[in-house]
Amino acid sequence: MAVSLILNRKSVTLDVDPNVPLLWAIREAVGLTGTKFGCGIAQCGACTVHLEGRPIRSCVTPASAAAGKAVTTIEGVSGPAARAVQGAWEKLDVVQCGYCQSGQIMSAIALLNEKRDPTDAEIDAAMSGNICRCGTYVRIRAAIHEAAQMRKVER
Amino acid sequence: MKNEYHAVEETSRRQFLKAGVVLAQGLVIGFYLPERGAALALQALEQPAVFAPNAFLRIRSDNTVTVISKHIEVGQGVYTGLATIVAEELDAAWSQVRVEGAPADDDLYKNLRIGMQVTCCSISITNSFEQHRQAGAMARAMLVAAAARRWQVSADEITVENGVVKHLRSSRQATFGSLARLAATMPAPARVTLKDPKNFKLIGAAHLPRVDSKGKTNGSAVYSIDVLLPQMVFASVERPPRFGAVPKNYDAAAAKAVQNVTEVVPVSGGVAVVAKSFSAALNGRTALKIEWDESKCETRGTPELLSEYRALLEQPGVVARRDGDTAAVLARAVRILTATYEFPYLAHVPVVPHSAVAKLSVDHCDIWACDAAPSALQSRAAHITGLRREQVEVHTVYGGGSFGGGGGGGDTAVEVAHAIGGRFPVKLIETREDTLRSDRFRPMYLHKLTAGLDANGNLIAWHHRIVGQSIFAGRPGGEVTKGIDITSVGGASNIAYDIPNILVELHSPANGIPVAAWRSVGDSHCAFAVETFLDDVAHAAGRDPLEFRRALLAKDPREKPILELVADARYRDSLFAKFPRDRQVLELAAVKAGWGTPLPTGRGRGIAVHYSFRTSVAHVAEVTVGSGGEIKVDRVVCAVDCGLPVNPDIIRAQAEGGVAFGLSSVLHERITVKAGAVEQSNYHDYRLLRIDEMPKVEVHIVQSSEPPMGIGEPVVPPVGPAVANAIFAAVGRRVRTLPFPTVA
Chain A
1 MAVSLILNRK
11 SVTLDVDPNV
21 PLLWAIREAV
31 GLTGTKFGCG
41 IAQCGACTVH
51 LEGRPIRSCV
61 TPASAAAGKA
71 VTTIEGVSGP
81 AARAVQGAWE
91 KLDVVQCGYC
101 QSGQIMSAIA
111 LLNEKRDPTD
121 AEIDAAMSGN
131 ICRCGTYVRI
141 RAAIHEAAQM
151 RKVER
Chain B
1 MKNEYHAVEE
11 TSRRQFLKAG
21 VVLAQGLVIG
31 FYLPERGAAL
41 ALQALEQPAV
51 FAPNAFLRIR
61 SDNTVTVISK
71 HIEVGQGVYT
81 GLATIVAEEL
91 DAAWSQVRVE
101 GAPADDDLYK
111 NLRIGMQVTC
121 CSISITNSFE
131 QHRQAGAMAR
141 AMLVAAAARR
151 WQVSADEITV
161 ENGVVKHLRS
171 SRQATFGSLA
181 RLAATMPAPA
191 RVTLKDPKNF
201 KLIGAAHLPR
211 VDSKGKTNGS
221 AVYSIDVLLP
231 QMVFASVERP
241 PRFGAVPKNY
251 DAAAAKAVQN
261 VTEVVPVSGG
271 VAVVAKSFSA
281 ALNGRTALKI
291 EWDESKCETR
301 GTPELLSEYR
311 ALLEQPGVVA
321 RRDGDTAAVL
331 ARAVRILTAT
341 YEFPYLAHVP
351 VVPHSAVAKL
361 SVDHCDIWAC
371 DAAPSALQSR
381 AAHITGLRRE
391 QVEVHTVYGG
401 GSFGGGGGGG
411 DTAVEVAHAI
421 GGRFPVKLIE
431 TREDTLRSDR
441 FRPMYLHKLT
451 AGLDANGNLI
461 AWHHRIVGQS
471 IFAGRPGGEV
481 TKGIDITSVG
491 GASNIAYDIP
501 NILVELHSPA
511 NGIPVAAWRS
521 VGDSHCAFAV
531 ETFLDDVAHA
541 AGRDPLEFRR
551 ALLAKDPREK
561 PILELVADAR
571 YRDSLFAKFP
581 RDRQVLELAA
591 VKAGWGTPLP
601 TGRGRGIAVH
611 YSFRTSVAHV
621 AEVTVGSGGE
631 IKVDRVVCAV
641 DCGLPVNPDI
651 IRAQAEGGVA
661 FGLSSVLHER
671 ITVKAGAVEQ
681 SNYHDYRLLR
691 IDEMPKVEVH
701 IVQSSEPPMG
711 IGEPVVPPVG
721 PAVANAIFAA
731 VGRRVRTLPF
741 PTVA
C-alpha cells in the first residue's frame with residue numbers, strides 16, 4: 001500500500017501501511033530523521049511537524065491522514081518566521097542535548113505565523129506541549145521574543 | 001592541604017614529558033601512551049594533509065581544526081568546552097573549530113580522575129583542563145616551528161592570532177591549513193609554555209557560540225536513533241513487568257506471523273522482535289507470548305518499602321560523620337526540633353528513548369551509540385560477539401540527554417545483531433515505556449533530622465539519619481567505605497555548618513529495584529533535608545535564615561575537629577568548598593535577589609546554599625502560593641562559584657536547566673512500585689516540568705581564577721529547598737514529602 005503526500009514541497013509516494021504513524025513514515029521510509037520520537041502518545045512534542053501549516057504530533061497521526069496534503073518537517077521549513085526562529089535559536093544558543101529542539105522549533109514557527117509578537121503567556125500556552133528535559137525553557141521564551149524582534153527589523 | 005587538582009596537573013605533565021617518541025622522521029609526541037602516539041603520528045606522516053600532533057587534535061589542509069572529544073556530548077556543552085580549551089592555547093579562530101567524538105580507548109581518552117574513559121560526575125572540564133591546554137599549546141608550537149622553517153626566521157619572532165601564523169617583520173603570514181603538512185614533520189616540543197590566564201581570549205569569553213547549535217537547530221544533528229544504514233532492521237525488546245523476572249519460555253509463532261517481522265531472538269532479560277520497520281517490531285511484540293519466571297523477582301512495592309524504611313529510621317545506623325557527642329548534648333538541649341522527609345524513586349527520562357545501532361561481520365563490530373563509557377561498551381560487545389576488543393569500533397554520536405543515566409541500548413543492539421548472525425545491521429529502539437520502566441532509578445530515601453538549641457537559640461547539636469539503597473553496593477571502587485556509600489550521604493555528612501555536635505548515620509537496605517546515579521546523586525535529597533531543616537531551626541531560633549546560615553559559615557570547616565567523616569581517600573580533599581566560597585555565593589544570591597525587601601501577601605522568598613561536585617551554588621527562590629495551595633515559582637536567583645568560568649554562557653545555560661530539573665523533581669516527579677512493577681509508564685503519569693511552570697532565572701557567576709569545576713549537577717540540589725523555604729515564608733507551611741505539586 002502507499003500514501004502520497006507533499007513533503008517539504010515535493011510530491012512523494014511512500015510505500016507504507018497507511019495506519020503507520022506519520023513520524024515513522026517520515027523517519028524510516030523517507031529517511032528524514034530531524035523529526036524525533038519521544039513518547040508515542042502526543043505528550044512530549046518531539047515529533048511535531050506541520051500539516052497544512054499547522055503543528056501536529058506525527059507520532060499519533062496515521063500516515064493516511066497526510067494523504068494529498070502538505071507536510072513540512074524541520075528539514076523543510078522556510079519563510080520569514082522559520083528564518084527568524086532558527087536564527088534566534090542559534091544566536092541565543094538555546095539547545096543543550098538538542099533532541100527535543102526540532103519539535104520546539106516547529107511549534108515556535110507555528111506560533112509566530114499566528115502571532116507576530118507573542119507575550120510570555122502566549123508563548124507558554126503555545127509551547128507547553130513540548131517537553132525539554134534539559135530545561136531550556138528560559139531560552140526558548142527569550143528566543144521566540146528575539147525572533148519576533150528580528151522579523152520587525154526585517155520588515 | 002594539597003589540592004587534588006594540582007596532583008592531576010603534575011601527573012599529566014610528567015606523563016606528557018615522557019610521552020615523546022623519537023622516530024626516524026623526527027620527534028613526535030603521543031599523549032600518555034608512547035607507542036600508540038607514535039602510531040597516530042605515523043598515520044599523520046603517511047597522510048601529511050592531516051596534522052595530528054596528539055590524540056585530541058587534527059589540523060587539516062582545508063584549515064579546519066578538529067578537536068577529538070574524549071567526553072560525550074549530552075547537552076552540557078562539553079564539546080564546546082573542550083574545544084574552547086584547545087583552541088585557546090592553539091590560538092585558533094573559533095570559526096575553524098569542529099568537534100568529533102573520540103573512539104573507545106582507555107589509554108588515550110581516559111578521564112584523568114576516574115582512570116577509564118567515562119563521562120560522569122560533572123568533571124569533564126575539570127579533568128581535561130590542563131591536558132587540553134597542553135594539547136593545544138603543543139600543536140601551536142609545532143605550527144610555529146613549521147612557519148619558522150618555511151620562512152627561515154626565528155620561531156621567537158612568530159606570533160599566532162585567530163588562526164593565522166604571522167611574521168610581522170617580513171609581513172608574512174600563513175593559515176594553519178597551509179602549514180599542516182610541514183608541521184606534521186616538526187619535532188614536538190619537549191616542553192610547552194601555557195598562556196598566562198590574563199591573556200585568555202576564548203576561555204571566559206562572554207558568549208562563544210556552541211559548536212552544536214546549528215545541527216541541533218536545523219535537524220541535521222545525528223543521535224543513535226537517527227543512524228541509517230543500508231538493509232538495517234529494527235529491534236524492539238519485550239522485558240518483564242517485574243524487576244528480576246526472566247523469560248521462562250516464549251512462543252514466537254504469532255509474532256513471526258506479523259507482516260514484516262523477520263526474527264524473534266532471546267536477549268539478556270527479554271525477547272527481541274526484529275522487523276523491517278519499528279512499527280512492525282512493535283506489532284510483533286504485541287503478538288509475542290512470553291511466560292516469565294518470577295521466582296526470583298521483587299514482589300514488594302513502595303508501601304512495603306516505606307514501612308521497612310520508617311522502622312529503620314528509628315534505629316541507629318552506620319556512622320558517616322561524628323563531631324562531638326550529639327546524643328549527650330541533645331539530652332540537655334533546651335529545645336529540640338525533629339522532622340522526617342520522604343523522597344521518592346525518580347527516573348531519568350531523557351526525551352530520547354534508549355537506542356543504538358550495531359553492525360556485525362565475521363571480524364568487525366560497529367556500534368553507534370552515546371554511551372558514557374565507550375571503552376566499557378567496547379569490552380562488553382567483544383564479550384557478546386566473541387571478537388577481540390580492537391575489532392569493536394564505537395562511534396559516539398550526540399546523546400539526547402543523560403542526567404546520570406549514562407545512555408543505554410548499545411549492549412542490546414549488539415546482542416540482537418549477534419543473535420541474527422550479523423546478517424543485517426540492527427537498530428534497537430526502546431519505546432518511552434521501555435525506557436521508563438527499565439530505568440535504574442534514583443533511590444527512594446527517608447531522612448530524619450533532630451536539632452538541639454541552647455537557651456540562647458544557638459544550634460548545638462545536629463542528628464541526621466538516612467535510609468535508602470546504595471547505588472554502589474557490591475561494585476568495585478571507593479564509593480563504599482566502612483559501610484557508607486558516599487553517594488547516599490553526599491551533602492549530609494559533609495555539611496560545612498559550624499555546629500559543635502554532628503552525627504550522621506546511614507541505613508542501606510537492599511531490594512530488587514535497580515538504582516543508579518541521577519543528576520546530582522545523593523546531594524539531590526540530602527540538600528533538601530539539610531537546607532529546609534536548617535530553615536526550621538532558624539525560624540525556631542527567631543533568626544533570619546540568611547543571617548543564621550552566614551553565622552554558621554563563619555569558620556573554615558577544614559579546621560574543625562571532626563572525629564569521624566567516612567570517605568575514600570580520593571574524596572578527602574574535595575569534601576568541603578574552599579573557604580569561604582559557600583558563604584560568598586550565599587551572600588551574592590541574597591544581594592542580587594533583594595533579600596529582606598518586602599513581598600506581597602502570599603508570596604515568599606527562600607534561600608538555600610549547597611556545595612557539590614566541587615562547586616558552590618546558592619539560590620533565592622520567590623514563590624507565590626495560591627488560595628488553593630497552588631505553587632507558582634516566579635523567580636530564581638542563582639549564584640555559582642565553579643572556579644574559572646571556561647564558557648560563562650554555558651554555565652548560565654546549565655544553571656537555567658538545573659533550576660528546571662530541580663523544580664521538576666520537587667513539584668512533579670515520582671516513581672512508585674507495586675508488587676515489583678513500576679506503576680508509571682510515560683509522560684502522562686510521570687510528569688515533567690513544562691514551560692508554563694518555568695520561573696525567570698537570573699544567574700550570577702563568581703569570577704574566579706581557581707581551576708574549573710563542575711556545573712552540570714551542582715545547580716540542582718539547592719533548588720528544591722530554596723522553593724520549599726519560600727513556600728514556608730509565604731504561607732508558613734512546610735513540605736517534607738516529595739513531590740509537592742501543591743501545599744495543603
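Residue numbers (this note's numbering), protein chains in the order written: chain A, 1 to 155; chain B, 1 to 744. We put the CB at the ideal spot given by N, CA and C, even for glycine. Since we're looking at a predicted model, the values are computed, not measured.
With R736/B and T126/B assumed to form a contact (beta carbons below 8 Å), what rounded beta-carbon distance in angstroms separates them? The Cβ separation is near 34 Å, so there is no contact.
Would you please verify whether the beta carbon of G79/A is less than 8 Å from any beta carbon of chain B? no
Which stretch, first to last residue, makes up the beta strand (DSSP E) that contains Y686/B? Careful: Y686/B lies outside any beta strand (DSSP E) and carries neither H nor E.
Using a threshold of 8 Å, state whether the C-beta atoms of G400/B and V349/B are closer than that. No, the pair does not count as a contact, with Cβ atoms beyond the cut-off.
Along the chain, which unbroken stretches of the beta strand (DSSP E) at least 3 residues long are found entirely within the region 455 to 482 of chain B? Segments of the beta strand (DSSP E) lying fully in the region 455 to 482 of chain B: 459 to 468.
Contact belief for G103/A with A46/A at Cβ below 8 Å, rounded distance in angstroms: 4 Å
Counting only Cβ pairs nearer than 8 Å, list the residues of chain B close to T119/A. None at all; the shortest Cβ gap to chain B is about 12 Å.
Close Cβ partners of A82/A (< 7 Å) along its chain, the five nearest in sequence each way excluded: These residues qualify, in order along the chain: I109.
If you check the beta carbons only, do N511/B and E298/B fall under 8 Å apart? yes
Taking only three categories from DSSP, how would you classify H132/B? helix
Taking the Cβ atom as the reference point for each residue, do G219/B and I41/A lie within a distance shorter than 8 Å? No, the Cβ-Cβ distance between G219/B and I41/A is not below 8 Å.
So if I threshold CB-CB distances at 8 Å, which residues from the region 679 to 694 of chain B count as touching chain A? N682, Y683, H684, L688, L689, R690, I691, D692 and M694
At least three beta-carbon pairs within less than 8 Å, the region 633 to 642 of chain B to the region 399 to 417 of chain B: no
Between which two residues does the beta strand (DSSP E) harbouring F661/B extend? From DSSP, F661/B is part of no beta strand (DSSP E) but of the alpha helix (DSSP H) over P648 to L667.
Tell me the DSSP secondary structure of E693/B in three-state form. helix
Report the residues of the region 523 to 534 of chain B with a CB closer than 9 Å to any CB of chain A, ordered along the chain. none
What residues from the region 270 to 291 of chain B come within 7 Å of chain A, judged by C-beta to C-beta, listed N to C? Result list: S277, F278 and S279.
Say whether chain A places a C-beta atom closer than 8 Å to the C-beta of N218/B. N218/B counts as touching chain A.
CB contact below 8 Å: L667/B versus chain A: Taking Cβ atoms only, chain A never reaches closer than 8 Å to L667/B, which makes this a no.
How far does the alpha helix (DSSP H) with A280/B in it extend, from its first residue to its last? F278 to A287
Roughly how many whole angstroms lie between the Cα atoms of T72/A and S277/B? 22 Å
On the CB-based measure, 16 or more other CB atoms within 10 Å of its CB, does N199/B come out buried or exposed? exposed
Applying a beta-carbon distance threshold of less than 7 Å, which residues of chain A neighbour F424/B? None at all; the shortest Cβ gap to chain A is about 14 Å.
Straight-line CA distance for L182/B to R60/B? Pairing L182/B with R60/B, the inter-Cα distance amounts to about 11 Å.
Residues of the region 42 to 75 of chain A whose Cβ lies closer than 8 Å to any Cβ of chain B, in chain order: Q43, C44, A46, T73, I74 and E75
Going along the region 204 to 232 of chain B in order, which residues come within less than 8 Å of chain A, judged by CB to CB distance? Listed by position, the residues of the region 204 to 232 of chain B near chain A (Cβ gap below 8 Å) are H207, P209, R210, D212, S213, K214, G215, K216, T217, N218, G219, S220, A221, V222, Y223, I225, D226 and L228.
Comparing the C-beta of I140/A with each C-beta of chain B, is any distance below 8 Å? yes
What does the Cβ neighbour count give for G596/B, buried or exposed, with the cut at 16 atoms within 10 Å? Under the 10 Å beta carbon count, G596/B is surrounded by fewer than 16 other beta carbons and is classified as exposed.
State buried or exposed for M709/B, treating a residue as buried only when at least 16 other CB atoms are found within 10 Å of its CB. buried
D124/A versus I131/A: straight-line alpha-carbon distance, rounded: 12 Å
Please give the ranges of any beta strand (DSSP E) in the region 541 to 593 of chain B, keeping only runs that are unbroken, at least 3 residues long and fully inside the region. none
Secondary structure of V8/B, DSSP reduced to three states: Low local confidence applies: a pLDDT of 29 at V8/B is under 50, so the model's placement there is unreliable, with the coordinate-based value given in what follows. Residue state, collapsed to three classes: helix.
Closer than 8 Å to chain A by CB, R432/B: Taking Cβ atoms only, chain A reaches closer than 8 Å to R432/B, which makes this a yes.
Cβ closer than 9 Å: which chain A residues qualify as neighbours of G399/B? C97 and Y99
Indicate the three-state DSSP secondary structure (helix, strand or coil) for D91/B in the structure shown. Looking at D91/B - three-state DSSP - the assignment turns out to be coil, as it is neither helix nor strand.
Keeping to the same chain, check which residues put their C-beta closer than 8 Å to that of P648/B; ignore five residues upstream and five downstream. G204, A205, A206, H207 and I701
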